[in-house]
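Q:
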Amino acid sequence: MCNYPKAFEYYEKAMKTREKIMPENHRDLAESYSDMGQVHNDLCDYSKALEFYEKSRKIYEQVLPPNHPDLAVSYNDIGQVYNNMGDYLKAFEFYEKDLNITKKVLPPNHPDLGTSYNFIGQMYNKMGNYSKALESYEKSHEIYEKSLPPNHLSLAASYICMGLVYKNMGHYSKVLEFYEKSHKIYEKTLLSNHPDLATSYNNIGQVYNDMGDYSKALEFYEKSRTIYEKTLPPNHPNLATSYNEIGTIYFTMGDYSNALEFFEKSHKIYEKTLPSNCHNLATSYNNIAAVYNTIGDYSKALEIYEESHKLYKNALPPTHPNLATSYIFIGQVYKNIGDYAAALKALQSAFNIQQKTSEEGNPAFASIYSWLGRVYYSMKDYSKALNYFQKCLSINQKTLPERHPSIGITFSNIGNVYRQMDDYDQALLSHQKALNIQENVQCNPLEVATTYINLGETYREMKDYPTALIYYQKGLEIHQKKLPKKHPDLAVTFHNLAKLYLSTQQYDMAMKKVQQALKIAQEKLPSNHPYLLEYRETFKKIQENVNVDFF
1 MCNYPKAFEY
11 YEKAMKTREK
21 IMPENHRDLA
31 ESYSDMGQVH
41 NDLCDYSKAL
51 EFYEKSRKIY
61 EQVLPPNHPD
71 LAVSYNDIGQ
81 VYNNMGDYLK
91 AFEFYEKDLN
101 ITKKVLPPNH
111 PDLGTSYNFI
121 GQMYNKMGNY
131 SKALESYEKS
141 HEIYEKSLPP
151 NHLSLAASYI
161 CMGLVYKNMG
171 HYSKVLEFYE
181 KSHKIYEKTL
191 LSNHPDLATS
201 YNNIGQVYND
211 MGDYSKALEF
221 YEKSRTIYEK
231 TLPPNHPNLA
241 TSYNEIGTIY
251 FTMGDYSNAL
261 EFFEKSHKIY
271 EKTLPSNCHN
281 LATSYNNIAA
291 VYNTIGDYSK
301 ALEIYEESHK
311 LYKNALPPTH
321 PNLATSYIFI
331 GQVYKNIGDY
341 AAALKALQSA
351 FNIQQKTSEE
361 GNPAFASIYS
371 WLGRVYYSMK
381 DYSKALNYFQ
391 KCLSINQKTL
401 PERHPSIGIT
411 FSNIGNVYRQ
421 MDDYDQALLS
431 HQKALNIQEN
441 VQCNPLEVAT
451 TYINLGETYR
461 EMKDYPTALI
471 YYQKGLEIHQ
481 KKLPKKHPDL
491 AVTFHNLAKL
501 YLSTQQYDMA
511 MKKVQQALKI
521 AQEKLPSNHP
531 YLLEYRETFK
541 KIQENVNVDF
551 F
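85 is the number that UniProt numbering gives to position 85 of the sequence shown; each next residue is one higher, with no gaps.
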């Protein structure tokens, strides 16, 4: 494990000595500045890293020919800092400078040229230009295949990079194909307990998680953890990553107590090994907050998200994508507690950041539009909700495969809006489009449950009560398997059933379901939450029809 304080101490001593005895444009001084930049970059102090790398670059530009390889390395170093800062356009600019020099000074099949194309591919991938990302990664891979042995580790890494693009595009079978090619190389070249082999198991686990095969995902995550625990110190960051991935799978499976246990294990390691201002620590907080948000403990979730947000603000530039994501998380919680003004404010902050760093139509906008749509839907401003959901859908359809789970979610959201606008034909059409995706690809079962319940609501309002009941029961069955017994989403389903039974004059069943909804809501939601007020109103309507005292 790197000892950053010690490295900083040695590099700083070397730099100060050289500053005293060397001319200000000496190459060795540039090397010292570069070393200092690297340590600051590792410590997540990106402004300082950039300051030293720029000092190094200025010297190289003064004393070296314009196409010198050391100048290419300097450009690459600066690109990496901008990459870490989330300024992908600026990072791309410097990676391209590196590539232009590398193409001029190296043979066309030199491995370093493959690496330069790899960095360009990374930027296209992060900026959401997946076709360009694949093009660059494939150029890189072609060079590696021509210049390296067939089992070289750089080829394994190249397969992973291409797999990541397909992952973002939702082509999970393709991702698995590339990750398994990479894994075969690792198995042939590494010892059976090598940490890089553990990382490979982890990558494959992620794909199975994305495909909804959670038991298979957990199997690979556990293989990864076993290797890490045998070969790494107990506080190694890779072990924290492993715990985090296992926490994620438990989270997805609805086992929130185990999810929280592993997320907290991961977080404790990060607290011991990362600088207190490192943004990776903030990401760890987000995972813990997500559990509390999902189990309905919104005050705890908000507290942790805000702690994370402070770290991001202190550690990152004001336009970093992670800061935008942080605002989205905070907006989600405010929406859940019914504070829609605060939710809109947070989401607008996310949108403002995204506007400064990405072109309109970038996939990152889709998430913001989706959450804006959800907030306006909760506010009953259906025209605005529909507008944002359609913006989200437009981006998703341009950037994702036609059967990507995210498109299914958006269709279901659009169906809800049409239902509220009494356009039942369009509502049913949209929900059916969602189901056509969700029932035919591997996705999160809770997403399918939501669509079933949305269809139930539509049929209930159309007075087709038998069909409504079928869909409610399908959704409820999934929720009861995947969610805690007192989850607020279960209250929503119970309330929907109460309204159905009220409409069919089954007052005893209606009362039973609304009481179940109220019991959860009174424990999990603020006293002024719109859902709780709605449930009480439904209770009064039922009570008017049957003489039952409130429990």
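Even glycine gets a Cβ: it sits at the ideal position worked out from N, Cα and C.
Note that the structure is a prediction, hence the values are computed from the model and not measured.
Using a 10 Å radius around the Cβ and a threshold of 16 neighbouring Cβ atoms, would you call Tyr447 buried or exposed?
A: In the sequence as presented, Tyr is not what sits at residue 447; that position holds Glu. Buried, by the Cβ-count rule.
Q: Tell me the rounded alpha-carbon separation between Asp549 and Thr538.
A: At Asp549, the pLDDT of 48 sits below 50, so the modelled position is not reliable and the matter cannot be decided from this model.
Q: Helix, strand or coil for Lys310? Go by DSSP, reduced to three states.
A: The answer is helix: DSSP assigns Lys310 an H, G or I state.
Q: Using CA coordinates, which residue listed in Glu523, His487 and Ile453 is at the minimum distance from Lys499?
A: Considering only alpha carbons, the answer is Ile453.
Q: Assuming contact is defined by CB atoms lying nearer than 8 Å, are Tyr388 and Tyr369 in contact in what I supplied?
A: Their beta carbons are under 8 Å apart, which means Tyr388 touches Tyr369 by this criterion.
Q: Measure the beta-carbon distance from His479 to Leu490 and round it to whole angstroms, keeping in mind my assumption that it falls under 8 Å.
A: That belief holds up - the Cβ atoms of His479 and Leu490 are roughly 5 Å apart, short of 8 Å.
Q: Would you identify the three-state DSSP class for Gln543, choosing helix, strand or coil?
A: Three-state DSSP puts Gln543 in a helix.
Q: Considering only the alpha carbon of each residue, which of Tyr137, Ala217 and Lys139 lies closest to Leu176?
A: The residue with the shortest Cα to Cα distance from Leu176 is Ala217.
Q: Given a threshold of 16 other Cβ atoms within 10 Å of its Cβ, counted over all protein chains shown, does Met22 qualify as buried or as exposed?
A: Result: exposed.
Q: Excluding the 5 residues flanking Tyr377 on each side, which residues of the same chain have their C-beta closer than 7 Å to its C-beta?
A: Contacts found: Ala385, Asn416 and Val417.
Q: In terms of alpha-carbon separation, which member of Leu428, Pro111, Tyr270 and Thr283 lies closest to Asn238?
A: It is Tyr270 whose Cα lies nearest to the Cα of Asn238.
Q: Any idea what DSSP makes of Asp112, helix, strand or coil?
A: Helix.
Q: For Leu50, which three-state DSSP category applies?
A: Here Leu50 sits in helix by DSSP.
Q: Is it right to say Asn118 is buried, meaning 16 or more other beta carbons lie within 10 angstroms of its own, or is it exposed?
A: Buried.
Q: First and last residue of the alpha helix (DSSP H) that includes Val441?
A: Careful: Val441 lies outside any alpha helix (DSSP H) and carries neither H nor E.
Q: Who are the Cβ neighbours of Ala510 in its own chain at under 6 Å, not counting the five residues just before and after it?
A: Hits under 6 Å: Ala498, Tyr501, Leu502 and Ile542.
Q: Give every residue of the same chain whose Cβ lies closer than 6 Å to the Cβ of Asp84, excluding the five residues on either side of it in the sequence, and list them in chain order.
A: It is worth fixing the name first, because residue 84 is Asn in this sequence and not Asp. Cβ within range, chain order: Tyr46.
Q: Would you check if there are 3 or more beta carbon pairs closer than 8 Å linking the segment 65-79 to the segment 299-313?
A: No: the two stretches stay apart, fewer than three of their Cβ pairs being nearer than 8 Å.
Q: Looking at the structure shown, is Ile337 part of a helix, part of a strand, or coil, going by DSSP?
A: In this structure, Ile337 counts as coil in the three-state DSSP scheme.
Q: Taking only three categories from DSSP, how would you classify Lys380?
A: Coil, per DSSP.
Q: Measure the CB-CB distance between Ile395 and Gly361 and report whether it falls below 8 Å.
A: Yes, the pair counts as a contact, with Cβ atoms nearer than the cut-off.
Q: Name the residue from His279, Leu302 and Tyr507 whose alpha carbon lies nearest to the alpha carbon of Tyr312.
A: The residue with the shortest Cα to Cα distance from Tyr312 is His279.
Q: Identify, in the order they occur along the chain, each residue of the same chain with its Cβ nearer than 7 Å to the Cβ of Ala346, setting aside the five sequence neighbours on each side.
A: Excluding positions up to five away in sequence, the list reads Tyr327, Ile330, Gly331 and Tyr334.
Q: For Met509, report the span of its alpha helix (DSSP H) as first-last.
A: Taken as a continuous stretch (DSSP letters only), the alpha helix (DSSP H) holding Met509 covers Tyr507 to Lys524.
Q: Any contact of the segment 103-111 with the segment 122-132, i.e. 3+ C-beta pairs under 8 Å?
A: No, the segment 103-111 does not touch the segment 122-132.
Q: Please state if the CB of Lys55 and the CB of Tyr33 are separated by a distance shorter than 8 Å.
A: Yes, the Cβ-Cβ distance between Tyr33 and Lys55 is below 8 Å.
Q: Can you check whether the CB of Tyr159 is closer than 8 Å to the CB of Ser182?
A: In this structure, Tyr159 lies closer than 8 Å to Ser182 by Cβ.
Q: Along the alpha helix (DSSP H) that carries Tyr402, what are the first and last residues, could you check?
A: The sequence shown places Glu at residue 402, not Tyr. Looking at the DSSP string, Glu402 is not in any alpha helix (DSSP H), and its letter there is neither H nor E.
Q: Use the C-beta contact count for Val375: other C-beta atoms within 10 angstroms, 16 or more gives buried, fewer gives exposed.
A: Val375 should be labelled buried.
Q: Using a 10 Å radius around the Cβ and a threshold of 16 neighbouring Cβ atoms, would you call Lys524 buried or exposed?
A: Flag for Lys524 reads buried.
Q: How would you label Ala341, buried or exposed, when you count the other beta carbons within 10 angstroms and need 16 or more for buried?
A: Ala341 should be labelled exposed.
Q: Count the other CB atoms within 10 Å of the CB of Asn496; is the residue buried (16 or more) or exposed (fewer)?
A: That one is buried.
Q: Excluding five sequence neighbours on each side, which residues of the same chain lie with their C-beta closer than 6 Å to the C-beta of Lys513?
A: Same-chain partners within the cutoff: Phe494, Leu497 and Ala498.
Q: Tell me the rounded alpha-carbon separation between Tyr201 and Leu153.
A: Approximately 15 Å, taken between the alpha carbons.
Q: Return helix, strand or coil for Cys278, following the three-state DSSP convention.
A: Coil, per DSSP.
Q: In three-state terms, what does DSSP make of Glu177?
A: In the structure shown, Glu177 sits in a helix (DSSP, three-state: H, G or I).
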